[in-house]
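So the sequences go chain by chain: A and B.
Residue numbers for the first sequence follow UniProt numbering, so the first one is 1 and each next one is one higher.
Residue numbers for the second sequence follow UniProt numbering, so the first one is 1 and each next one is one higher.
Even glycine gets a Cβ: it sits at the ideal position worked out from N, Cα and C.
Predicted model only: the values in this text are computed from it and were never measured.
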Amino acid sequence: MTSRKIEVLVGLFVALAIAAFMLLSLKVANSGMAGTGQTYMLYAKFENIGGLKVRSPIKVGGVVVGRVRSINLDTEEYSPVVAMEIDSQYNNFPETSSVAILTSGLLGEQYLGLQPGFVDETVSILKSGDYVEDTKSAIVLEELIGQFLFNRGSN
Amino acid sequence: MIVDKLQQLGQKSIAKIQGMGRATIMLFGALIAWPTPRKSFPLLLKQLYVVGVLSLLIILVSGLFIGMVLALQGYTVLSKFGAEQMLGPLVALSLLRELGPVVTALLFAGRAGSALTAEIGLMKATEQLSGMEMMAVDPLRRIIAPRFWAGVISMPLLAMIFTAVGILGGHLVGVDWLGVDSGGYWSAMQANVDFQQDIMNGVIKSAVFALIVTWIALHKGFDAVPTSEGISQATTQTVVTSSLAVLGFDFILTAVMFGG
Chain A
1 MTSRKIEVLV GLFVALAIAA FMLLSLKVAN SGMAGTGQTY MLYAKFENIG
51 GLKVRSPIKV GGVVVGRVRS INLDTEEYSP VVAMEIDSQY NNFPETSSVA
101 ILTSGLLGEQ YLGLQPGFVD ETVSILKSGD YVEDTKSAIV LEELIGQFLF
151 NRGSN
Chain B
1 MIVDKLQQLG QKSIAKIQGM GRATIMLFGA LIAWPTPRKS FPLLLKQLYV
51 VGVLSLLIIL VSGLFIGMVL ALQGYTVLSK FGAEQMLGPL VALSLLRELG
101 PVVTALLFAG RAGSALTAEI GLMKATEQLS GMEMMAVDPL RRIIAPRFWA
151 GVISMPLLAM IFTAVGILGG HLVGVDWLGV DSGGYWSAMQ ANVDFQQDIM
201 NGVIKSAVFA LIVTWIALHK GFDAVPTSEG ISQATTQTVV TSSLAVLGFD
251 FILTAVMFGG
């Protein structure tokens with residue numbers, strides 16, 4: 001085995017590994033969000049976050065614009081505060097916008113639906129660190145069933 | 001009676017700890033030295049060929065088949081729930097997080113680890129190592145170090161190739177044979193696989209396994225009883241010990257990375 005042949009084969013091996021890594025990182029992983037890099041933070045206070053998790057997607061009309069960065073409990077009111085990391089290219093949401101916790105499909109994962117609000121002179125644009133005031137909590141199936149039974153009983 | 005048993009236990013523990021100590025000394029002796037790239041690079045290249053390139057075939061074939069089996073089995077269960085589009089994430093996540101690093105490490109222990117042990121054990125038995133010391137060549141630097149680096153470098157690369165081929169194998173069975181939508185296969189995968197969380201953790205895992213397997217293989221060879229029986233025992237021990245160590249560390253790493 002000449003040393004040249006060995007070198008060529010080792011080079012081939014390393015090239016194959018690099019190709020595999022490229023395939024994994026470009027085709028398999030979601031490099032879209034990580035790639036642009038620039039993001040800003042918005043916050044929203046909910047009564048109940050249901051099954052929302054860190055890294056759940058934030059969608060506007062079905063398009064992913066960001067991901068949930070962290071979920072903490074506000075120690076004064078004991079209500080959950082969700083920190084949303086949103087791509088800087090979508091930085092034009094007015095403060096009348098609302099967020100709702102929605103479920104994709106019947107059994108799917110929960111995500112944040114961001115609904116842009118109306119704009120006029122008195123409405124300012126949400127900046128990094130602002131709170132979205134209008135929030136709708138997750139629908140908890142047990143509560144819904146409880147309400148239904150309660151209503152039936154009162155009739 | 002009890003004292004005898006206690007003595008045996010103590011003896012065994014001391015022997016184990018001494019073995020670990022010798023392994024650590026061997027590794028430090030091999031790695032901590034002034035780097036001499038001109039001299040050591042050709043040696044490393046030779047070992048990369050022996051350890052990495054020659055393991056490529058078994059990695060490619062088993063990666064392909066494991067990906068195919070995974071898709072086939074996953075499809076059976078997923079189609080019951082009408083969730084065939086989750087086949088992509090199932091194949092990709094199980095390969096990236098678990099099967100890629102672990103199966104590669106097990107195959108590597110069998111294919112390359114055993115060869116390393118046998119080679120070094122035989123060098124010891126035929127007194128080539130003492131011969132080198134006579135000629136003022138440090139066998140740790142000349143024999144152990146290039147093999148160690150070759151193992152540590154090539155195993156993460158092999159694991160990556162294994163995973164990529166496995167995902168393509170899953171595509172072959174899932175899309176081309178079972179009729180899952182090709183776009184759905186890739187897009188569901190992209191939606192569920194995270195670069196940092198899944199790919200990098202898989203690479204870290206395989207780097208840790210590479211360290212463990214190569215270290216065990218080199219130590220068992222270097223520490224072998226220099227007889228034909230001793231070498232055969234050392235080779236067996238390499239495969240058994242490194243397989244067990246890989247599975248044990250896999251649990252710990254998984255618990256740390258994905259458990260919380």
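Query	Result
Chain-order list of residues whose beta-carbon lies under 6 Å from that of A:V99 (same chain, five-residue window excluded)	A44, L112, L114, V132, T135
Given 8 Å, three or more beta-carbon pairs between the stretch 228–248 of chain B and the stretch 109–129 of chain B	yes
Interface positions of the stretch 166–192 of chain B facing chain A (Cβ-Cβ less than 9 Å), listed along the chain	I167, L168, W186, M189, Q190, A191, N192
Bridge-paired residues (DSSP) for A:N72	A:V81
CB of B:V193 within 7 Å of CB of B:A92, strictly	yes
B:M189 vs B:G88 beta-carbon contact at 7 Å	yes
Close beta carbons around A:G35, own chain, < 8 Å, minus the five adjacent residues each side	Unreliable placement is indicated for A:G35, whose pLDDT of 49 sits below 50; the coordinate value is still reported in the next sentence. None.
Residue closest to B:L172, alpha-carbon to alpha-carbon, out of B:L107, B:F65, B:I144, B:G82	B:F65
Short CB-CB distance (under 7 Å) between B:V69 and chain A	no
Between the CA atoms of B:L90 and residue 264 of chain B - distance to the nearest angstrom	Given that chain B is displayed from residue 1 to residue 260, the structure contains no residue 264 of chain B and the question cannot be resolved.
Residue 271 of chain B classed as buried or exposed, judged by whether at least 16 other C-beta atoms fall within 10 angstroms	Outside the shown range of chain B (1 to 260) lies residue 271 of chain B, about which nothing can therefore be said.
Cβ-based neighbour list, A:D74, same chain, cut-off 6 Å, excluding 5 preceding and 5 following	V81
8 Å Cβ cut-off: residues of chain B touching A:E7	L45
Three-state class that DSSP yields for B:M135 in the structure shown	coil
Residue of B:Q47, B:G166, B:L168, B:I144 minimising C-alpha distance to A:A3	The sequence given here places Ser at residue 3 of chain A; Ala does not occur at that position. Cα-wise, what sits closest to A:S3 is B:Q47.
CB of A:V65 within 7 Å of CB of A:E95, strictly	no
Rounded straight-line distance, which links the Cα of A:S25 to that of B:G183	17 Å
Backbone CA spacing between B:M20 and B:M134 [nearest angstrom]	26 Å
Residues near B:M123 by beta carbon distance below 6 Å, same chain, minus five either side	L129
Within chain B, partners of residue 167 of chain A - CB distance below 7 Å	A query on residue 167 of chain A cannot be resolved here, the shown segment of chain A reaching from 1 to 155 and no further.
Which of helix, strand or coil DSSP assigns to B:Y185	helix
Inter-residue Cα distance where the pair is A:L23 and B:L27	34 Å
Continuous alpha helix (DSSP H) assignments of at least 4 residues falling wholly in the stretch 21–91 of chain B	37–47, 56–80
Contacts that B:I199 makes with chain A (C-beta to C-beta distance below 7 Å)	L24, S25, A29
Cutoff 7 Å: A:V10 Cβ touching any chain B Cβ	yes
Collapsed DSSP secondary structure at B:G259 in the structure displayed	coil
Residues of its chain near B:E98, where Cβ-Cβ distance is below 8 Å and the 5 sequence neighbours each way are ignored	D250, T254
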